[in-house]
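Engineer: The following block contains the structure, expressed as structure tokens.
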Amino acid sequence: MSLQGTTTGAGVAAARSSASAWDMDPPRLGPLAYYTCFKGIVWREVLRYLHQRERFLSALVRPLVWLFIFAAGFRQTLGVSIIPPYETYVLYEVFITPGLIGMIQLFNAMQSSLSMVYDRETGAMRTLLVSPFPRSFLLLSKLVGGVAVSLLQVYAFLAVAYFWEIEPPLYGYFTLLPALILSGLMLGSLALFMSSVIRQLENFAGVMNFVIFPMFFASSALYPLWRVKESSVLLYHVCQLNPFSHAVELIRFALYGQVNWISLAAVLGFTAAFLGGAIYAYNPSKGLIGRRGGPGAGA
Amino acid sequence: MDMETGPQDEVEAAPALVVKNVSHRFGETLALDDVSLEVPRGKFVVLLGLNGAGKSTLFALITRLYDNVSGEIRIFGYDVRRRASAALQRLGVVFQSRTLDLDLSLKQNLLYHCALHGIRGREARTRTARALEIVGLSDRAREKVRNLSGGQARRVEIARSLLHRPLLLLLDEPTVGLDIGSRESVISIVRSLVETEGLGALWATHLFDEVRATDLVVILHKGRVLFTGPVPDLLAKTGTPNISDAFRVLTGTTATELAA
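Residue numbers (the numbering used here), protein chains in the order written: chain A, 13 to 311; chain B, 610 to 869.
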């Protein structure tokens with residue numbers, strides 16, 4: 013319909029009624045509105061992920077390469093003694109599966125934080141931030157969206173790994189879920205925090221070298237920490253302080269229906285710290301966005 | 610409901626947008642220097658300035674990407690810092706940079722925006738359909754944004770900015786990079802919204818031919834407001850026959866600088 017030339021009273025009235033009262037006061041934002049917004053943000057993340065086929069594939073292929081090739085090669089060289097939560101000797105493949113799950117989440121978190129940097133430049137982040145909901149709520153929703161994507165990736169990986177003798181107890185798949193959500197939130201909030209403070213994050217190679225590799229290798233993902241201690245006590249302590257180690261241990265125990273309380277506490281603590289940092293950094297009055305100079309694109 | 614601040618009639622009579630004595634610096638550079646301007650309800654206001662004049666900084670402050678440290682910004686009487694939610698509910702924005710998800714359909718993009726304002730279900734679908742109708746893209750609702758031309762994508766962004774029925778529209782150089790036909794259609798959509806629905810609009814541009822004689826004009830140059838008022842006053846004040854001459858006289862820029 014045409015919007016122009018509605019100078020008659022009837023025309024204006026028609027335009028108004030078809031727009032159903034443009035001049036109505038905006039509604040109150042109740043719990044239902046919050047839920048709608050939350051769901052919308054999470055759903056967008058999932059939709060975007062499903063539309064990016066390369067990202068879907070690479071998220072699946074990366075850990076499988078580690079499982080099929082790396083683990084097979086190390087199977088004979090690296091013996092793993094019986095350590096909790098394992099009750100028998102386990103194959104090296106079984107041992108590194110929780111580490112690979114952690115890796116999936118780590119990559120996903122870094123990728124979504126990269127997409128946030130990209131978003132900030134294209135303006136999609138700004139569209140998010142002009143929503144009338146509190147900014148911390150928006151960021152948290154965005155974070156949960158990233159975690160939801162990582163859940164899809166992890167379960168797809170476990171489904172394939174099942175045929176490679178990675179057969180945790182059936183209930184393990186369920187007890188794993190809360191652990192994945194927590195570790196996903198921790199890694200996501202770390203990435204979110206980094207996206208707001210580190211300018212160089214646009215370069216994924218840089219992130220690989222300075223964040224992903226150190227976090228992944230200096231952790232309990234690929235080798236039990238007592239083995240690390242044998243070669244270097246310092247490295248052992250580094251590994252113990254590494255948030256990623258705790259994410260991996262939380263996942264490892266959860267996969268067998270157990271809770272590693274120390275790792276749980278560590279993951280919760282790190283999540284709170286990173287999330288607090290991210291919310292602080294995105295706060296318009298204290299934020300670090302403004303200090304860097306210039307809004308996104310253009311002058 | 611949300612009238613906690615100030616007497617009710619104060620909020621009800623308030624202009625769509627008031628920017629008062631706002632300054633902003635990035636490190637050493639003063640991007641905005643004591644900027645004041647107003648968008649009355651139902652008026653089309655052109656914010657005229659060259660690249661780097663501070664238009665985008667001003668928009669970033671109004672949309673609360675970061676806070677204004679000095680002065681105040683009010684949308685229909687609601688301070689954007691203290692009453693951010695109420696202010697943002699009444700504000701629709703078209704950013705200079707592209708902000709749509711290219712791999713999602715028009716409809717998915719718009720429904721996402723509805724969700725960002727807490728609008729859901731049938732209401733969200735109705736508003737999405739209506740907004741696409743306003744910008745003349747109803748028949749392409751299911752297509753991916755990637756397949757649209759620049760002008761069409763801009764129209765979708767306008768549709769998106771209308772979903773929560775704001776009474777103030779902010780448009781940051783919405784016609785940049787568009788061909789003449791697309792420019793015309795984008796401008797006429799916004800102008801007719803101002804005329805028929807009574808929206809206030811702040812239209813930032815550096816293109817003088819987008820100004821109409823009946824518009825209000827704000828001239829922003831190097832972070833300072835040099836003029837605000839109706840077009841005839843601008844011409845009378847500068848003693849010039851047209852806007853580009855008036856701009857040149859006010860800012861002291863030469864024709865070659867303008868061309869650059």
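Cβ atoms here follow ideal geometry from the backbone N, Cα and C, with glycine treated the same way.
Because the structure is a prediction, the values reported are computed rather than measured.
S125/A touches chain B at which residues, Cβ-Cβ below 9 Å?
Structural biologist: Position 113 of the first sequence, counting from 1, holds the residue named residue 125/A. Near S125/A there are no residues of chain B at all, since even the closest Cβ is about 17 Å away, more than 9 Å.
Engineer: Using a Cβ-Cβ distance under 8 Å, would T814/B count as near chain A?
Structural biologist: Residue numbering aside, residue 814/B sits at position 205 when the second sequence is read from its first letter. Closer than 8 Å: no.
Engineer: Which residue's Cα is closest to the Cα of P75/A: L237/A, A84/A, G269/A and I113/A?
Structural biologist: If you number the first sequence from 1, residue 75/A lands on position 63. Out of L237/A, A84/A, G269/A and I113/A, I113/A has the C-alpha closest to the C-alpha of P75/A.
Engineer: Would you please verify whether the beta carbon of H830/B is less than 8 Å from any beta carbon of chain A?
Structural biologist: Locating residue 830/B in the second sequence gives position 221, where the first residue counts as 1. It does not: the Cβ of H830/B has no partner Cβ on chain A nearer than 8 Å.
Engineer: Rounded to a whole number of angstroms, what is the C-alpha to C-alpha distance between A622/B and A738/B?
Structural biologist: On the second sequence, residue 622/B is found 13 positions in, with the first residue counted as 1. On the second sequence, residue 738/B is found 129 positions in, with the first residue counted as 1. Answer to the nearest angstrom: the Cα atoms are 32 Å apart.
Engineer: For G158/A, would you say it is in contact with chain B, using Cβ-to-Cβ distances shorter than 8 Å as the test?
Structural biologist: Reading the first sequence from its first residue, position 146 is the one you call residue 158/A. Not an interface residue.
Engineer: Give me the residue from P146/A, E66/A, W78/A and R87/A with the minimum Cα distance to P43/A.
Structural biologist: Translated into positions along the first sequence, residue 43/A becomes position 31. Out of P146/A, E66/A, W78/A and R87/A, P146/A has the C-alpha closest to the C-alpha of P43/A.
Engineer: Short check: CB of L204/A to CB of A290/A, under 8 Å?
Structural biologist: Position 192 of the first sequence, counted from the start, is the residue given in the question as residue 204/A. Position 278 of the first sequence, counted from the start, is the residue given in the question as residue 290/A. Taking 8 Å as the Cβ cut-off, L204/A and A290/A qualify as a contacting pair.
Engineer: Distance check for T847/B and Y687/B, CA to CA, integer angstroms please.
Structural biologist: By 1-based counting over the second sequence, the position of residue 687/B is 78. By 1-based counting over the second sequence, the position of residue 847/B is 238. Computed Cα separation, rounded: 35 Å.
Engineer: Pull up the distance between the alpha-carbon of L194/A and that of V279/A, whole angstroms please.
Structural biologist: Taking the first sequence and counting its residues from 1, one reaches residue 194/A at position 182. Taking the first sequence and counting its residues from 1, one reaches residue 279/A at position 267. Looking at the two C-alpha atoms, the distance is approximately 7 Å.
Engineer: Are there three or more Cβ pairs, one per stretch, closer than 8 Å when the stretch 641-655 of chain B is compared with the stretch 806-814 of chain B?
Structural biologist: Yes, they touch.
Engineer: Taking the alpha-carbon of V703/B as reference, which of Q88/A, Q270/A and R138/A has the nearest alpha-carbon?
Structural biologist: Position 94 of the second sequence, counted from the start, is the residue given in the question as residue 703/B. Closest option to V703/B, Cα to Cα, is R138/A.
Engineer: Under 8 Å between the Cβ atoms of S645/B and K629/B?
Structural biologist: Within the second sequence, numbered from 1, the residue matching residue 645/B stands at position 36. Within the second sequence, numbered from 1, the residue matching residue 629/B stands at position 20. Yes, these two residues count as a Cβ contact at 8 Å.
Engineer: CA-CA distance, P190/A and F149/A?
Structural biologist: Taking the first residue of the first sequence as 1, we reach residue 190/A at position 178. Taking the first residue of the first sequence as 1, we reach residue 149/A at position 137. Distance between the alpha carbons of P190/A and F149/A: 21 Å.
Engineer: Based on the DSSP secondary-structure assignment, which residues constitute the bridge partners of S714/B?
Structural biologist: Within the second sequence, residue 714/B is the residue found at index 105, counting from 1. In DSSP, S714/B forms a bridge with K753/B.
Engineer: For the beta strand (DSSP E) that K629/B lies in, which residues bound it at each end?
Structural biologist: As a first step, residue 629/B is located in the second sequence; it is residue number 20 there, counting from the start. Per DSSP, K629/B belongs to the beta strand (DSSP E) from L626 to F635.
Engineer: Are Y248/A and L234/A closer than 8 Å when you measure CB to CB?
Structural biologist: Here residue 248/A corresponds to residue number 236 of the first sequence, with the count starting at 1. Here residue 234/A corresponds to residue number 222 of the first sequence, with the count starting at 1. Not closer than 8 Å, so no.
Engineer: Using a Cβ-Cβ cut-off of 8 Å, state whether L141/A counts as contacting chain B.
Structural biologist: Here residue 141/A is taken as the residue at index 129 of the first sequence, counted from 1. Interface with chain B (8 Å Cβ-Cβ cutoff): L141/A is included.
Engineer: Using a Cβ-Cβ cut-off of less than 7 Å, give me the residues of the stretch 836-868 of chain B that come near chain A, in sequence order.
Structural biologist: Of all residues in the stretch 836-868 of chain B, none has a Cβ within less than 7 Å of some Cβ in chain A.
Engineer: Answer with buried or exposed for P255/A, where buried requires no fewer than 16 other C-beta atoms within 10 angstroms of its C-beta.
Structural biologist: Counted from its first residue, the first sequence places residue 255/A at position 243. Flag for P255/A reads buried.
Engineer: Should I728/B go down as buried or exposed, given a rule of 16 or more other Cβ atoms within 10 Å for buried?
Structural biologist: Residue mapping note: residue 728/B aligns to position 119 of the second sequence, counting from 1. Counting Cβ neighbours within 10 Å, I728/B comes out buried, since at least 16 surround it.
Engineer: Whole angstroms are fine: how far does the CA of I116/A sit from the CA of V795/B?
Structural biologist: Counting from 1 along the second sequence, the entry for residue 795/B is found at position 186. Counting from 1 along the first sequence, the entry for residue 116/A is found at position 104. When rounded, the distance between both Cα atoms is 44 Å.
Engineer: Looking at the secondary structure, which residues open and close the alpha helix (DSSP H) in which R239/A lies?
Structural biologist: Indexing the first sequence from 1 puts residue 239/A at position 227. Here the alpha helix (DSSP H) through R239/A covers L237 to S243.
Engineer: Mind checking who R833/B pairs with in its DSSP beta bridge?
Structural biologist: As a working mapping, residue 833/B is identified with position 224 in the second sequence. R833/B is bridged to H830/B.
Engineer: How would you label E179/A, buried or exposed, when you count the other beta carbons within 10 angstroms and need 16 or more for buried?
Structural biologist: By 1-based counting over the first sequence, the position of residue 179/A is 167. The residue in question, E179/A, is exposed, as its Cβ has fewer than 16 Cβ neighbours within 10 Å.
Engineer: Please report the straight-line C-alpha distance between G658/B and V161/A, rounded to a whole angstrom.
Structural biologist: Numbered from its first residue, the second sequence carries residue 658/B at position 49. Numbered from its first residue, the first sequence carries residue 161/A at position 149. Distance between the alpha carbons of G658/B and V161/A is about 43 Å.
Engineer: State the DSSP-derived secondary structure class of T20/A, mapped to helix, strand or coil.
Structural biologist: Counted from its first residue, the first sequence places residue 20/A at position 8. In this predicted model, T20/A has a pLDDT of only 35, less than 50, meaning its place in the structure is not dependable enough to derive any value.
Engineer: What three-state label does DSSP hand V142/A in the structure shown?
Structural biologist: As a first step, residue 142/A must be located in the first sequence, where it is residue number 130. Correct three-state label for V142/A: coil.
Engineer: Closest by CA to A173/A, which one among R56/A, L72/A, G288/A and K51/A?
Structural biologist: Looking up residue 173/A in the first sequence gives position 161. Checking every option, the nearest Cα to that of A173/A belongs to L72/A.
Engineer: To test your reading of the DSSP string, which unbroken beta strand (DSSP E) runs of 3 or more residues are found completely within the stretch 149-235 of chain A?
Structural biologist: none
Engineer: Measure the beta-carbon distance from H815/B to N660/B and round it to whole angstroms, keeping in mind my assumption that it falls under 8 Å.
Structural biologist: The residue labelled residue 815/B in the question sits at position 206 within the second sequence. The residue labelled residue 660/B in the question sits at position 51 within the second sequence. Between N660/B and H815/B the Cβ distance is about 6 Å, and since that is below 8 Å, they are a contact.
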